[in-house]
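Residue numbers (our numbering), protein chains in the order written: chain A, 1 to 319; chain B, 320 to 638; chain C, 639 to 957. Beta carbons are placed, not taken as given, at the ideal position from N, Cα and C, and that holds for glycine. Here is the structure we will look at, set down as C-alpha cells.
This is the structure:
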C-alpha cells in the first residue's frame with residue numbers, strides 16, 4: 001500500500017479486515033517494523049479517537065510519532081497555486097508538505113470539509129495538495145469527503161458481530177444534529193459497504209442525498225421505518241445537505257433512533273463513529289445497551305490504523 | 320494499587336515514600352515494566368510540573384505516553400446524565416472515558432475545581448464520572464478537591480529533610496493571592512499529613528477554613544505567628560473560601576511569609592507546590608534561600624508519579 | 639559542548655559541519671546515546687521545522703522528548719527580578735527554568751524577539767534568564783537575536799552544494815514582507831558566514847542595517863543588483879529595522895528575488911529558512927526551480943540538531 005485515502009487504495013477489503021483481526025490477537029507481533037522511522041500526524045481539526053488510536057497503532061509497530069496541531073502550533077497555510085502571499089497565510093501547503101516529508105516516513109493528515117465551498121470540498125483541495133507535494137506516503141485521518149480509517153474499523157467491527165447463518169443487513173441512517181456536519185463518515189461507510197456482499201441500505205430524509213459518486217449502487221430508502229426492517233446493524237450519522245451545500249434543511253419527522261424503532265430489526269447492533277450527540281441522534285437507552293458497538297468501533301480504530309501503517313511500512317521496505 | 324485519587328488508595332504512606340526514595344536511587348531499574356503499554360494523560364487545565372514529571376516517570380518505566388489537551392485538541396464534554404445534547408457540548412464524558420480506555424492501560428486526568436458550584440466540586444463530579452466510565456485504572460493529576468501526586472512528592476521531600484532527633488513540626492500556612500484558587504493542594508497535604516506521626520498545624524485567617532472532611536483531626540491555629548513557632552517545615556498555599564464558596568474574603572493581616580516570620584521557627588524549610596506568586600505568597604528572600612525545598616519538591620514529582628504508575632502496572636500484572 | 643546559543647559555542651564550524659554530514663550518512667549510528675535521557679522542548683512561539691526536526695533528531699539518538707507549548711499548556715511567565723507578582727503572570731521564569739531542569743537532561747527553548755523593546759531583545763532577556771536559572775544545558779530553538787540551528791543547517795547545505803574550483807560567493811539579501819520580522823535569521827547567518835572563508839556579502843535597503851555586533855567584518859552592499867553579481871548562493875530573508883526598532887521603513891525599489899535578477903549570478907542556488915511568503919519575498923519561479931535549496935535546508939535541520947544534541951550528550955558523559 002502506497003497511500004490510504006479511500007477504499008480504492010485497498011486491494012481487497014475482506015483480506016485487510018481479516019489481517020486486522022489477526023493483528024488484534026497479537027498487536028505487538030511486529031514491534032520492530034517501524035524502528036527508527038517516524039509517523040507525522042498533522043491535525044487541522046480536533047481529534048480524540050484518531051489522535052489516540054493512531055499513536056497507539058504506531059507504538060505497537062515501534063514507529064515514532066510526532067504530532068503537529070498545525071493551526072495552533074505552527075503557521076496558517078496558503079492553498080492557492082501562484083498566490084501572492086501578502087495576506088494572513090504564512091506558509092504555502094506546498095512548502096509545509098515538502099518540509100514535513102523531510103522528517104517523516106509516513107504522514108497522516110486531518111482536514112475536514114469547510115462546508116462553505118462545495119467545489120473545494122468535493123475536489124479534496126487541501127488533501128490533494130498536501131498529498132501532491134508530500135514526498136512520502138500520506139494517509140487520511142479524515143478528509144473533506146472520506147474517513148477511511150473509521151470505515152475500516154467499522155468493517156472490522158461488523159465482521160466481529162456477524163449474525164449466524166444470515167446475510168447481514170446493514171442500514172446507514174441519517175440522524176438529527178444541531179449543526180451542519182460534513183459528509184465524510186457517511187460517504188466513506190457507503191463506499192466500504194459497497195465493496196461488501198452485505199445487504200446495504202441508506203435511509204435519510206429527502207433532500208439529504210449524499211454525493212452520488214459515493215452512493216452509486218447503494219439502495220436508498222426515505223422511510224426510516226421501512227429501512228430498519230430486519231436490520232442487523234444500524235449505523236447512525238448526521239450529515240448536512242449536499243445539494244444545498246452545507247445547509248440544514250428542515251426535517252419534519254423524528255429521525256432520532258430509539259428502542260421502539262429497533263423492534264422491527266433483527267435485534268440490530270447500534271453503530272456510531274463518535275462523538276455522538278446523545279438523545280439527539282440516538283437515545284441513551286440504545287447507546288448504553290448491549291446492542292451498542294460504539295466502544296468496540298473505537299477500539300478497532302487502533303487495529304485499522306495499525307494494519308494500514310504496517311502495509312505501508314512493508315510496501316516501503318520492498319521498494 | 321488499582322486507582323490513585325487520594326491518600327485512601329495507599330495502603331501505607333510510609334512504605335510508599337520509602338519505595339519512592341529507593342526508586343529515586345535507580346530510576347531506570349524497572350525500565351521494561353511498561354513495555355507495550357500506554358499511559359494517557361488528559362488535561363482539562365494547564366499543567367507544567369504534572370505534565371512533565373508524569374511523562375518523565377512513564378519514560379523511566381518504558382511506558383508510552385499519549386497526551387490529550389482535551390479542550391484544545393478534542394471536544395468539549397457533557398457531564399449530565401441523560402442530557403439532551405443539543406447545545407455546546409460535543410461529547411459525553413461517558414463516551415470519552417470509555418473510548419480513552421480503549422487506547423490506554425492507565426489514564427491520568429486533571430480537572431480543577433470550577434469554584435462556582437460547591438456541590439459539583441465537592442462531589443468531584445468530573446473526576447468521579449470519568450473514573451466511573453473508564454474501564455482502566457485512573458490516576459488523579461489534580462482533581463477538584465485533591466492533588467495526591469503533589470502530596471506524595473511533598474511527603475518524599477519532607478522525609479529527605481527530617482530534622483535530627485526531633486519530631487518534625489509541619490505547618491500548612493494559608494498565603495495571599497490575587498485571585499480565588501481551589502483547595503486541592505491544601506486539602507490533600509492535610510490528608511497526607513494526617514496519616515503521618517508528624518506534629519501538623521494548619522494556620523489560616525478566620526473564614527478560610529478548609530473542608531472539614533479533609534482537616535478532621537488536624538490542629539488549626541488562626542495566629543500565623545503562633546503556628547510558626549518551632550516549625551521545621553512551612554508549606555505555603557493559597558486557597559479561597561470554602562464556606563462562602565470560591566470567594567476571597569478580605570484578610571486584614573499580612574500573611575505573606577517573610578524571613579522575619581521565620582525567626583521563631585526551627586530554621587524552617589519552605590515548601591510550595593508551584594507556581595508561586597513571588598512577593599505575594601512568599602518573599603523572594605525565602606524562595607531563593609537555602610531553606611527553600613521548592614525545586615526538590617518539583618523533582619520528587621517524578622518519583623511520586625513513577626512509584627504510583629509502577630504499583631498500578633504491577634497490580635495489573637498480577638491480575 | 640555545554641550550550642548552543644550562537645556560533646561562539648562552536649569550537650570549529652568546519653569540523654561540526656563535517657561531523658553532521660557524516661552523521662547524515664548514518665543517522666541511527668548513535669541510537670543508544672540518549673537512552674534514559676530526556677530532551678525538553680519549550681515553545682513560547684509557533685514552530686514547524688524546529689519542532690519536527692529536533693524531535694526527529696532526538697529520536698535518532700534514542701533520546702526521549704517532552705514538548706511544552708508554554709503559553710498554551712502551562713502558565714504565563716514573569717521575567718522581572720524581584721517582581722511583586724500580583725498581576726497576570728503566574729510563574730517566574732526562574733522557577734520554570736529550575737523546575738524544567740528537574741525533568742530534562744537538555745532543554746531547548748524558542749523565544750522570539752518581541753520587537754517592541756530593543757534593549758530587552760538585544761540583551762536576550764528571556765533566553766538569558768532561562769539559561770541562567772536552568773541547571774542543565776540549554777539550546778536555542780531561535781532566540782530574540784539568533785537562530786543557530788538554522789544557520790548550522792544552512793552551512794551544511796552550502797557545503798553539500800559548493801561550486802567546483804571556485805571560492806563560493808554567498809549573498810544574504812533582504813527580502814520584502816508584509817509585517818515586521820525579527821532579525822534572528824539574518825544576524826545568525828551573518829555570524830556563521832563570518833566564520834567561513836567564503837566571499838560573503840549582505841545586501842539590503844539603506845536604513846535596514848543589521849546590528850553591527852553581528853555584521854562586523856561583513857561586506858554590505860546597498861545595490862541588490864551589484865551584490866548578486868557572480869553569486870553562488872543567494873539567501874533571502876526579511877527583517878525589520880534595527881535602528882528604528884521593529885519598524886518597517888518604506889522601501890522604494892523592488893527587492894523580491896526573480897529569475898531575471900539571477901542572470902548575473904553564477905546560476906545561484908536559492909536559500910530561505912521558511913516559512914516563505916511566495917511571490918512577495920521570492921517568486922514561485924525560483925522557489926520551485928532546481929536552484930532552490932529550501933527543502934534540503936529543512937532536511938538538514940535534523941542533522942544540525944542531532945550533531946548538537948550528540949555533542950552535548952557526549953560532553954555530559956565525559957563530565
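Partners in chain C for residue 497/B, counting only beta-carbon separations shorter than 7 angstroms: Locating residue 497/B in the second chain gives position 178, where the first residue counts as 1. Those are 724, listed as they occur along chain C.
Short Cβ contact (9 angstroms threshold) for residue 381/B with residue 343/B: Here residue 381/B refers to the residue found at position 62 of the second chain. Here residue 343/B refers to the residue found at position 24 of the second chain. Cβ atoms of residue 381/B and residue 343/B: not closer than 9 angstroms.
Beta-carbon separation (whole angstroms), residue 873/C vs residue 808/C, contact threshold 8 angstroms: As a first step, residue 873/C must be located in the third chain, where it is residue number 235. As a first step, residue 808/C must be located in the third chain, where it is residue number 170. Yes, residue 873/C and residue 808/C are in contact; Cβ-Cβ is about 7 angstroms, under 8 angstroms.
Residue from 570/B, 520/B, 550/B and 512/B whose Cα sits closest to the Cα of residue 499/B: Counting from one through the second chain, the residue named residue 499/B turns up at place 180. That would be 570/B, whose Cα lies nearest to the Cα of residue 499/B.
Cβ of residue 98/A within 9 angstroms of any chain C Cβ: Here residue 98/A corresponds to residue number 98 of the first chain, with the count starting at 1. Closer than 9 angstroms to some Cβ of chain C, the Cβ of residue 98/A qualifies, so yes.
Residues sharing a beta bridge with residue 812/C, DSSP: Taking the first residue of the third chain as 1, we reach residue 812/C at position 174. Answer by DSSP bridge pairing, in chain order: 875/C.
Of the residues 864/C, 904/C and 722/C, the one placed nearest residue 802/C, counting alpha carbons only: In the third chain, the residue the question calls residue 802/C occupies position 164. Measuring from the Cα of residue 802/C, the nearest candidate turns out to be 904/C.
The region 445-457 of chain B touching the region 515-529 of chain B, judged by at least three CB pairs closer than 8 angstroms: no
Residues within the region 340-366 of chain B neighbouring chain A, beta-carbon criterion of under 8 angstroms: 355, 357 and 359
Cβ-based contacts, 9 angstroms cut-off: residues of the region 693-723 of chain C near chain B: 702, 704, 705, 706, 707, 708, 710, 711, 712, 713, 716, 719, 720, 721, 722 and 723
Separation of residue 932/C from residue 371/B, as counted between CA atoms: Counted from its first residue, the second chain places residue 371/B at position 52. Counted from its first residue, the third chain places residue 932/C at position 294. So the two alpha carbons sit approximately 34 angstroms from each other.
Stretch pair the region 683-697 of chain C + the region 553-567 of chain B: three plus CB contacts closer than 8 angstroms: no
Residue range of the unbroken alpha helix (DSSP H) whose run includes residue 278/A: Residue numbering aside, residue 278/A sits at position 278 when the first chain is read from its first letter. From DSSP, residue 278/A is part of no alpha helix (DSSP H); its letter is neither H nor E.
Close Cβ partners of residue 906/C (< 8 angstroms) along its chain, the five nearest in sequence each way excluded: Counted from its first residue, the third chain places residue 906/C at position 268. For residue 906/C, where only same-chain residues beyond five positions count, the Cβ hits under 8 angstroms are 809, 866, 869, 870, 871, 872, 900 and 929.
Length of the line joining the Cα atoms of residue 781/C and residue 767/C: Translated into the one-based positions of the third chain, residue 781/C becomes position 143. Translated into the one-based positions of the third chain, residue 767/C becomes position 129. Their Cα atoms are separated by approximately 12 angstroms.
Alpha-carbon to alpha-carbon, residue 680/C and residue 361/B: Taking the first residue of the second chain as 1, we reach residue 361/B at position 42. Taking the first residue of the third chain as 1, we reach residue 680/C at position 42. In a straight line, the C-alpha of residue 361/B is about 19 angstroms away from that of residue 680/C.
CB-CB length for residue 753/C against residue 921/C, believed under 8 angstroms: Here residue 753/C corresponds to residue number 115 of the third chain, with the count starting at 1. Here residue 921/C corresponds to residue number 283 of the third chain, with the count starting at 1. 27 angstroms between Cβ atoms; not a contact.
Residue environment, residue 259/A, which counts as buried when at least 16 other CB atoms sit within 10 Å: Numbered from its first residue, the first chain carries residue 259/A at position 259. Exposed, because fewer than 16 other Cβ atoms sit within 10 Å of the Cβ of residue 259/A.
Distance between residue 411/B and residue 396/A (C-alpha atoms, nearest Å): Nothing can be reported for residue 396/A, as the shown portion of chain A is limited to 1 through 319.
Assigned exposure category for residue 507/B - 16 Cβ within 10 Å defines buried: As a working mapping, residue 507/B is identified with position 188 in the second chain. Buried, by the Cβ-count rule.
Environment of residue 87/A [buried if 16+ CB atoms lie within 10 Å]: Walking along the first chain from the start, residue 87/A turns up at place 87. It is exposed - the Cβ of residue 87/A has fewer than 16 other Cβ atoms within 10 Å.
Reduced DSSP secondary structure (H/G/I, E/B, other) of residue 443/B: Along the second chain, one-based indexing puts residue 443/B at 124. It is coil, neither helix nor strand.
In DSSP terms, what residue 705/C is bridged to: As a first step, residue 705/C must be located in the third chain, where it is residue number 67. Per DSSP, 679/C.
Residue-level contact to chain A via CB, residue 936/C, 9 angstroms cutoff: Against the third chain, residue 936/C aligns to sequence position 298. Yes, its Cβ sits closer than 9 angstroms to a Cβ of chain A.
Interface partners of residue 91/A on chain C, CB under 8 angstroms: One-based indexing of the first chain puts residue 91/A at position 91. Those within 8 angstroms of residue 91/A in chain C are 686, 912, 913 and 914.
For residue 528/B, three-class secondary structure by DSSP: Position 209 of the second chain holds residue 528/B. In this structure, residue 528/B counts as coil in the three-state DSSP scheme.
Euclidean distance between Cα positions of residue 676/C and residue 704/C: Position 38 of the third chain, counted from the first residue, corresponds to residue 676/C. Position 66 of the third chain, counted from the first residue, corresponds to residue 704/C. Taking the straight line from one Cα to the other gives about 7 angstroms.
Residue 492/B at chain C interface by Cβ criterion, 9 angstroms: The residue labelled residue 492/B in the question sits at position 173 within the second chain. No, residue 492/B lies away from the interface with chain C (no Cβ there is under 9 angstroms from its Cβ).
Buried or exposed (CB count within 10 angstroms, at least 16 for buried), residue 891/C: Position 253 of the third chain holds residue 891/C. So residue 891/C counts as exposed.
Cβ-based contacts, 9 angstroms cut-off: residues of the region 917-946 of chain C near chain A: 917, 918, 919, 922, 925, 926, 932, 933, 934, 936, 937, 938, 939 and 940
For residue 283/A, the three-state DSSP class (helix, strand or coil): Along the first chain, one-based indexing puts residue 283/A at 283. Three-state result, residue 283/A: coil.
Same chain, Cβ closer than 7 angstroms to residue 96/A, five either side skipped, listed in chain order: Your numbering for residue 96/A matches position 96 in the first chain. Closer than 7 angstroms at the Cβ level, and outside the excluded window around residue 96/A, lie 77.
CA nearest to the CA of residue 849/C, picked from 684/C, 831/C and 881/C: Taking the third chain and counting its residues from 1, the one referred to as residue 849/C is at position 211. Looking at the Cα atoms, 881/C is the closest of the given residues.
Whether residue 16/A touches residue 311/A by CB criterion (9 angstroms): Taking the first residue of the first chain as position 1, residue 16/A is located at position 16. Taking the first residue of the first chain as position 1, residue 311/A is located at position 311. In contact: residue 16/A and residue 311/A (Cβ atoms closer than 9 angstroms).
Rounded distance between the beta-carbons of residue 364/B and residue 423/B, thought under 8 angstroms: Taking the first residue of the second chain as position 1, residue 423/B is located at position 104. Taking the first residue of the second chain as position 1, residue 364/B is located at position 45. At roughly 19 angstroms, the Cβ-Cβ gap does not stay under 8 angstroms, so residue 423/B and residue 364/B are not in contact.
DSSP three-state assignment for residue 930/C, whether helix, strand or coil: Here the question's residue 930/C lines up with position 292 in the third chain. In this structure, residue 930/C counts as strand in the three-state DSSP scheme.
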